[in-house]
Amino acid sequence: MGISTGPAWDRRTPRQQARFQDAALRRQVADSLGPFSPYWRTVLRNAGIRVAQIDGRRALAGIPATGERDLCPAGDPAAAAALVLQLDEAGWATHTDGAALRRALGRRVVRPGAYRRQVMNAVRPVVYWLGGRHLDLPIASTRDDLDVVARAGARAWRVLGLTPEDLLVSALPQDGRLAAAVLPYVALGAGAPAVHAGPAGAVAALRALPAAVVAVDGAPALRALGRLPARVHTILTIGLDDLRPIADGRTVLRLWGPPDGRWLYPECRDGGFDAGLHTFPDLEIGQTVDPATGEARPDDAAGELVVTQLGVRGSALVRWRTGVLHGGIRLEPCPGCGRTVPRLGPDLDTTSLTPTVQVAEQRVSLDLRTVAGALAARSDLAGWQVRLVPDPRGGRPSAVVAVAPGTDGAMSTRAASTLCAQIAYDVQALAGAAPSLVVLAPELAGQPPRIVAR
Ligand SMILES: [Zn+2]
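Following this line, the structure appears as structure tokens:
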């Protein structure tokens, strides 16, 4: 923990932020990932990177961006257990900072139970929520991680412009996913009273208690609450829809995070919708990759968000592909509140990379990043695109793969159809469903590969 010096988490200059992140990343690598994660050690080894080489956020760019399909190629979410750090008592003692260790050892002498509890709090996963877009990916947190989650929640509450006096009624379905799991820690961290009533209990809770804030996951949930009591001044939407048109004059603020993550990013009261979601740069390094290839892009370029979490144990996320497409991480100070934290949005696309598509008679959930991975693995292509093609009749879109063969000159019809069939087979094997169509597009030769999703 250490003594905090300098500006608060949300007022640091980009340089101070970068220095803080570099130091936190080095600690995360030296004390958590390196010694206790066989999974990440293997990822690094396969990428030809030594643990000691990861000395700052710049060095992260060499680590391949990883997502749920990379972790669970066979589609079995149990493989997510590999993300959880393999920490035990001896490991904890070796990799805990001096002050905390001395405190703990002091306690061991007088109260052995307290020492053991402190170690368990640090190393043992006690809460899981289900992340993932195609799989129900369990994300583990230790007791100490939950303190960090609650601290992020307290910050979010402040950014939202709420106080400990503001009573929250949550109508979120209690489904074990990030939002439902984390919102109680937001309220706890903020010291705000809360009822997590779910869709069925929210109306009754609003009648019984003097709520100032309601949390919903979208327009239907808000409508289901009927006319809100006059004292409700804020609607939190734990999703990305813009609910302002149906908010009846109340302030609407979004509070949302990628589903495999650990926290919810808030909008600020003064900046509102246009200012975007405020992130926590001391808890997480957010970066941008090309959604088709996973290669690093400048943070403020459009692309897919990848996150590396700092200072938490349980499931370790490193260059984790969130499936969230953004127009560029915004790095200038927020025009609303002046905070200097990186911001996302307002326009974020969370579905295009993992759409539900029509394949023959079936609706299939397809991860276009995995389709792209199947194409990138072939050395016989000179260019390719994965295209999401809208259905002119308003139904589900189709996934179409367009490829430029690597051979010079015209292909025989037979060779072309063999190539297309092989590609369909590869995609089926990796992504779990074949594309609707594989077409030859010689004009793509030499072009950078792309996912054309919107
Ligand atoms: Zn702001």
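What the sequence shown shows, in the numbering used here, is residues 45 to 498, in sequence order.
From the three backbone atoms N, C-alpha and C, an ideal C-beta is built for every residue, glycine too.
Computed from a predicted structure; not experimentally measured.
- When the five nearest sequence neighbours on each side are left out, the beta carbons in the same chain lying within less than 7 Å of the beta carbon of P390 are those of F317, D318 and G320, in order along the chain.
- P449: member of the beta strand (DSSP E) spanning S442 to P449, first to last residue.
- Distances between the C-beta of D318 and the heavy atoms of ligand 1 are all 7 Å or more.
- Around the Cβ of L149, a 10 Å sphere holds fewer than 16 other Cβ atoms; the residue is exposed.
- Within the same chain, L266 and I279 come within 8 Å of A291 by CB-CB distance, once the 5 residues on both sides are set aside.
- The beta carbon of D424 sits closer than 6 Å to those of G450, all from its chain and outside the five residues before and after it, given in chain order.
- For ligand 1, no non-hydrogen atom lies closer than 7 Å to the CB of G389.
- Note on A252: under 16 other CB atoms within 10 angstroms of its CB, so exposed under the neighbour-count rule.
- Counted as a single uninterrupted DSSP element, the beta strand (DSSP E) harbouring A184 occupies residues L181 to T186.
- Between the stretch 342-350 and the stretch 368-375 there are three or more inter-stretch CB-CB distances shorter than 8 Å, so the stretches are counted as touching.
- Cβ contact annotation for H240 (same chain, cutoff 8 Å, sequence separation greater than five): S214, L216, Q218, A224, L227 and P228, in chain order.
- Taking the C-beta atoms as reference points, V163 is found no nearer than 8 Å to T186.
- DSSP places L369 in the uninterrupted beta strand (DSSP E) bounded by W364 to H370.
- Put simply, of L308, L354, G315 and T366 the residue whose alpha carbon is nearest the alpha carbon of D393 is T366.
- Rounded to whole angstroms, the gap between the alpha carbons of A194 and A234 is 8 Å.
- In this structure, L222 keeps its C-beta atom at 8 Å or more from the C-beta atom of G283.
- Within the chosen limit of 7 Å, ligand 1 reaches the beta carbon of H322 through at least one heavy atom.
- Nearest to R313 by alpha-carbon distance, out of G293, A259, R306 and W201, is W201.
- For the set L484, L432 and P289, the Cα lying nearest the Cα of S456 is the one of L484.
- G380 has its CB nearer than 7 Å to a heavy atom of ligand 1.
- For the pair A68 and A446, the Cα-to-Cα distance works out to about 43 Å.
- The residue among A255, L474 and A421 with its C-alpha nearest the C-alpha of P273 is A255.
- Annotated as distal: R458 and Q402, with beta-carbon spacing of 8 Å or more.
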